[in-house]
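*Asks:* These protein sequences, in sequence, are chains A and B.
Read in order, the letters of the first sequence are residues 94 to 381 in the numbering used here.
Read in order, the letters of the second sequence are residues 94 to 381 in the numbering used here.
Think of the CB as a built atom: it goes at the ideal place given N, C-alpha and C, for glycine as much as any other residue.
Protein chains: 2
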Amino acid sequence: VKIGEVMRSIAVGEVIESRLQGYEPGQLVQGMFGWQDYCATGPGGLFPVRRLPRGASIEASMSVLGLTGLTAYFGLLEVGAAKAGETVVVSGAAGATGSIAGQIARIKGCHAIGIAGGDEKCRYLTGDLGFCAAIDYKAENVAARLRQLCPQGIDVFFDNVGGRILDAAILNLAHKGRVVICGGIASYNEVAGSDGPRNYMNLVVRRARMEGFVVTDYFDRADRAIAELAAWVARGEVRYRVDVQHGLENAPAAVGRLFAGDNRGKQLLKIACTASAESDALLGRPGV
Amino acid sequence: VKIGEVMRSIAVGEVIESRLQGYEPGQLVQGMFGWQDYCATGPGGLFPVRRLPRGASIEASMSVLGLTGLTAYFGLLEVGAAKAGETVVVSGAAGATGSIAGQIARIKGCHAIGIAGGDEKCRYLTGDLGFCAAIDYKAENVAARLRQLCPQGIDVFFDNVGGRILDAAILNLAHKGRVVICGGIASYNEVAGSDGPRNYMNLVVRRARMEGFVVTDYFDRADRAIAELAAWVARGEVRYRVDVQHGLENAPAAVGRLFAGDNRGKQLLKIACTASAESDALLGRPGV
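What follows is the structure, encoded as structure tokens:
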């Protein structure tokens, strides 16, 4: 995003005026509307405007049934190819994507272990979300705990973090292990670039692979995935939470919460527009 | 290998005495015989004793039809899944494994580009081995040259080197590119460990993967691969060379040649034993 451009963001908004059939005023739609009160947009593009999934709340559409839920779903099951009985480790596990990835792993019969920062988040993982175990990276030696918790090694490491946590996971991969690179928040702000995973040669020893992906590549199959996620949510098997901040002027601070680890669930921002009482919009974090 | 143990090495030797049916004195066999004049061994193990491929010379059995040839074959075609029309880049391309990988890529209809150190090796790649282009990492900016030579990006990067060359390749991957981690000689001697590939997050942007492998996993299919390699060699489509040093006392220095880049082709060591004139043995480099 260039200086002066509208900051990119997925958002839910209300149609005020439309020349596109099937999109009438009052309809709630989701799209790449950006950090702004109003957005003029058209069909097509990488994030085509679409109606919210049937029966889904704005909050769910922006999290578990939106980009982060789909990222967890396709990243774990397609890229990571997690199978029942395998050990799945998720970093950033209390976050919007990681929490869903871990719960899908649990539902699929995997041994799900989460890495998060702080005791509160770790208790949330094991107490509320059904992770088998949680590692507090702020207080524990991640590599040592992984060795202890995964005596057979890690079959799938779903990484949102990078840095030394990724290193610790690579060190503890199982034979034919898979590292799914979903994000790397540890190095997003390092202008000079991070050091990269020092232990990558362990990929040879373990005959393992490390793979990146972008969820938009799977959009043609999103409807089926959303239906499956929605069913899990309806049955209480997948839980999610959103962290709603308010006011467009607070958008930068809301993003900052992600980097400080202050958010509890999917970071959203609600902005009140003047068009109607129903036109409140929820903005998610920028980009993918 | 622990201090005081026999240094591991694949070798060809002559059977002097045998209680194993089919292995008579005088027979040439290949196995993990180590740096020593004589070796007592049995059947089984990771590198089971086997006869040389039919009609193969000792030199070929220790290189193009041996571990390095098989590593190139399975690494490129199975792990890298190189397909006709794709761009394949090989590091350590003048080496025993890289030179075969590049030639197989060429035979399979790929655009084969080699990275090697020095003008002589680069001329060998394009002049003798039929690579499309060569990059001299000692004299050229590898990332810039890759960008120039691979405008569509690298589909398969077959890496024997690691370090900044791996970084440059990851930076230039094509959509759905594959990095085959075969070796990482740049960091083998770094006690503190290398920095790791700084650009690994480009795996996400490119939806790419990085995968390690060990050739022994493919031994059950070695015979068919050796037959295919032997046919290419017989037709002159695959060339190989060996660099034979002499004398067991020169074994450490022979290994050092690999790290200095002094070897020209597969580094072998010939040791003269006293049993018979035919019992000269050729020792390859230790381990896999």
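Nearest to Arg-328(B) by CA position, among Gly-138(B), Leu-264(B), Gln-196(B), is which residue?
*Replies:* Mapped onto the second sequence, residue 328(B) falls at position 235. Checked all of Gly-138(B), Leu-264(B), Gln-196(B); the closest Cα to Arg-328(B) is Gln-196(B).
*Asks:* Report buried or exposed for Asn-234(B), applying the criterion of at least 16 other Cβ atoms within 10 angstroms of its Cβ.
*Replies:* Counted from its first residue, the second sequence places residue 234(B) at position 141. Classification of Asn-234(B): exposed, given that the 10 Å Cβ count is below 16.
*Asks:* What ranges does the alpha helix (DSSP H) occupy inside the segment 247-308 of chain B, keeping only unbroken runs of at least 4 residues that lie completely in it?
*Replies:* 256-264, 295-298
*Asks:* Less than 9 Å between CB atoms is the rule here; does Leu-158(A) satisfy it with respect to chain B?
*Replies:* The residue labelled residue 158(A) in the question sits at position 65 within the first sequence. No, Leu-158(A) lies away from the interface with chain B (no Cβ there is under 9 Å from its Cβ).
*Asks:* Skipping 5 residues on each side, what residues in its chain have a beta carbon closer than 8 Å to that of Ile-96(A)?
*Replies:* Counting from 1 along the first sequence, the entry for residue 96(A) is found at position 3. So no residue of the chain qualifies.
*Asks:* Closer than 9 Å, CB to CB, is Gly-255(A) near chain D or not?
*Replies:* Absent from the structure: chain D. Protein chains present are A and B.
*Asks:* Select from Asn-292(B), Asp-288(B), Val-122(B) the residue whose C-alpha is nearest the C-alpha of Arg-291(A).
*Replies:* Start at 1 with the first residue of the first sequence, and residue 291(A) comes out as number 198. Closest option to Arg-291(A), Cα to Cα, is Asp-288(B).
*Asks:* Are the C-beta atoms of Leu-113(B) and some chain A residue less than 9 Å apart?
*Replies:* As a working note, residue 113(B) is residue 20 in the second sequence. Leu-113(B) does not count as touching chain A.
*Asks:* Is the CB of Asp-248(B) under 9 Å away from at least one CB in chain A?
*Replies:* The count along the second sequence starts at 1 and reaches residue 248(B) at position 155. It does not: the Cβ of Asp-248(B) has no partner Cβ on chain A nearer than 9 Å.
*Asks:* List the residues of chain B whose Cβ lies closer than 8 Å to the Cβ of Gly-289(A), in chain order.
*Replies:* For the purposes of this step, residue 289(A) is identified with residue 196 of the first sequence, where counting begins at 1. Per Cβ cutoff of 8 Å: Asp-260, Asp-288, Gly-289, Pro-290, Arg-291, Asn-292, Tyr-293.
*Asks:* Which residues mark the beginning and the end of the alpha helix (DSSP H) in which Ile-151(A) is found?
*Replies:* The residue labelled residue 151(A) in the question sits at position 58 within the first sequence. Note, Ile-151(A): alpha helix (DSSP H), 151-154.
*Asks:* Going by C-alpha to C-alpha distance, which of Phe-167(A), Gly-246(A), Ala-279(A) sits closest to Thr-309(A)?
*Replies:* Numbered from its first residue, the first sequence carries residue 309(A) at position 216. Checking every option, the nearest Cα to that of Thr-309(A) belongs to Phe-167(A).
*Asks:* Give the residues of chain A in contact with Leu-296(B), contact being defined as C-beta atoms less than 7 Å apart.
*Replies:* On the second sequence, position 203 is the one that residue 296(B) refers to. Using a Cβ-Cβ cut-off of 7 Å, Leu-296(B) is close to Ile-274, Met-303, Glu-304, Gly-305 of chain A, given in chain order.
*Asks:* Only counting runs of 3 or more residues, tell me where the beta strand (DSSP E) segments fall wholly within the segment 107-193 of chain B, in order along the chain.
*Replies:* 121-124, 180-184
*Asks:* Can you confirm whether Ser-459(B), when its beta carbon is compared against all beta carbons of chain A, has any partner nearer than 9 Å?
*Replies:* As shown, chain B starts at 94 and ends at 381. That puts residue 459(B) outside it, with no answer to give.
*Asks:* Apart from the five residues just before and just after Ala-186(B), which ones in its own chain have a Cβ nearer than 6 Å to its Cβ?
*Replies:* Counted from its first residue, the second sequence places residue 186(B) at position 93. Only Gly-195, Gly-207, Ile-208, Ala-209, Leu-218 meet the Cβ criterion.
*Asks:* Are Gly-173(A) and Val-298(A) touching if we call contact CB-CB under 9 Å?
*Replies:* Start at 1 with the first residue of the first sequence, and residue 173(A) comes out as number 80. Start at 1 with the first residue of the first sequence, and residue 298(A) comes out as number 205. No, these two residues do not count as a Cβ contact at 9 Å.
*Asks:* Alpha carbons only, please: which of Gly-188(A), Asp-130(A), Val-182(A) is nearest the one belonging to Leu-160(A)?
*Replies:* Start at 1 with the first residue of the first sequence, and residue 160(A) comes out as number 67. Closest by alpha carbon: Gly-188(A).
*Asks:* Taking the alpha helix (DSSP H) that Lys-363(A) belongs to, which residues open and close that run?
*Replies:* Numbered from 1 along the first sequence, position 270 holds the residue referred to as residue 363(A). Counting along the chain, Lys-363(A) falls outside any alpha helix (DSSP H), though it belongs to the beta strand (DSSP E) covering 359-364.
*Asks:* Name the chain B residues whose beta carbon is nearer than 7 Å to that of Gly-277(A)?
*Replies:* The residue you call residue 277(A) lines up with position 184 of the first sequence. Under the 7 Å cutoff, chain B gives Met-294.
*Asks:* So is His-204(B) buried or exposed if we call it buried at 16+ other beta carbons inside 10 Å?
*Replies:* Locating residue 204(B) in the second sequence gives position 111, counting from the first residue. Looking at its Cβ environment, which holds 16 or more other Cβ atoms inside 10 Å, His-204(B) is buried.
*Asks:* Quick one, which residues of the segment 305-329 of chain A are near chain B if we go by CB-CB under 9 Å, in chain order?
*Replies:* Gly-305, Phe-306, Val-307, Asp-310
*Asks:* Answer yes or no: does any C-beta atom of chain A fall closer than 9 Å to that of Arg-300(B)?
*Replies:* In the second sequence, residue 300(B) corresponds to position 207, counting from 1. Arg-300(B) counts as touching chain A.
*Asks:* Run through the DSSP bridge pairs and tell me what Val-38(B) is partnered with.
*Replies:* Nothing in the structure corresponds to residue 38(B), since chain B is present only between 94 and 381.
*Asks:* Which residue's Cα is closest to the Cα of Leu-145(B): Glu-330(B), Ala-320(B), Asp-221(B)?
*Replies:* Along the second sequence, one-based indexing puts residue 145(B) at 52. Out of Glu-330(B), Ala-320(B), Asp-221(B), Ala-320(B) has the C-alpha closest to the C-alpha of Leu-145(B).
*Asks:* Look at the alpha carbon of Tyr-131(B) and the alpha carbon of Cys-275(A), and state the distance between them as a whole number of angstroms.
*Replies:* What you label residue 131(B) is simply residue 38 of the second sequence in a count that begins at 1. What you label residue 275(A) is simply residue 182 of the first sequence in a count that begins at 1. Distance between the alpha carbons of Tyr-131(B) and Cys-275(A): 52 Å.
*Asks:* Answer with yes or no whether the minimum CB distance from Ile-103(A) to chain B is below 9 Å.
*Replies:* Residue 103(A) sits at position 10 when you count from the first residue of the first sequence. No, no contact with chain B.
*Asks:* Let's see if you can read the secondary structure: which residues bound the beta strand (DSSP E) around Ile-206(A)?
*Replies:* Along the first sequence, read from residue 1 onward, the residue named residue 206(A) stands at position 113. Element bounds for Ile-206(A): 204-209.
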